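Chemist: Residue numbers (this note's numbering): 70 to 199. For every residue, glycine included, the Cβ atom is placed at its ideal position computed from N, Cα and C. Quick caveat: nothing in here was measured; it's all calculated off a predicted structure. One structure, as structure tokens, below. Some questions next.
As structure tokens, then:
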């Protein structure tokens with residue numbers, strides 16, 4: 070797959086904005102919102118202005134909701150846990166119920182990136198047409 074610098078930049082910014090350096094990178098909040106002692110927000114709070122990271126997050130959530138849950142998990146893992154070795158990422162995924170081999174990781178990652186690429190290009194085209 071040819072490297073697309075602007076998309077890589079968007080993925081990295083998304084990881085910075087939404088990953089917030091925590092182990093909850095699969096979308097689970099830092100605190101248990103069902104705990105009666107919980108107060109305040111669970112996880113990332115969006116600003117009033119829309120960012121590229123918000124667009125990428127919406128696309129990844131859409132991917133999860135439309136039958137590409139494993140793809141979304143692996144994409145999220147790849148960017149939110151870049152500091153981990155591949156073996157550590159695979160262990161983390163297995164622990165969360167997403168078993169995957171080394172080859173499978175990349176077999177799911179490539180189409181996940183293409184999914185986001187297609188959705189981002191569609192968003193950009195719609196904004197230019199408006």
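Grouping DSSP H, G and I as helix and E and B as strand, with all else coil, what is residue 140?
Modeler: DSSP places residue 140 in helix when its eight states are reduced to three.
Chemist: Check for me: the alpha helix (DSSP H) holding residue 185 runs from which residue to which?
Modeler: Its alpha helix (DSSP H) spans residues 171-198.
Chemist: Going by alpha carbons, who is nearest to residue 137 out of 172, 118, 185?
Modeler: Comparing Cα-Cα distances from residue 137 to each of 172, 118, 185, the minimum goes to 185.
Chemist: Taking DSSP as the reference, what is the three-state secondary structure of residue 103?
Modeler: With a pLDDT of 40 at residue 103, under the threshold of 50, the predicted position of this residue should be treated as unreliable, and no value is reported.
Chemist: Among residues of its own chain, excluding the 5 on either side of residue 181, which ones have a beta-carbon nearer than 8 Å to its beta-carbon?
Modeler: The answer, listed in chain order, is 132, 137, 140, 141, 143, 144.
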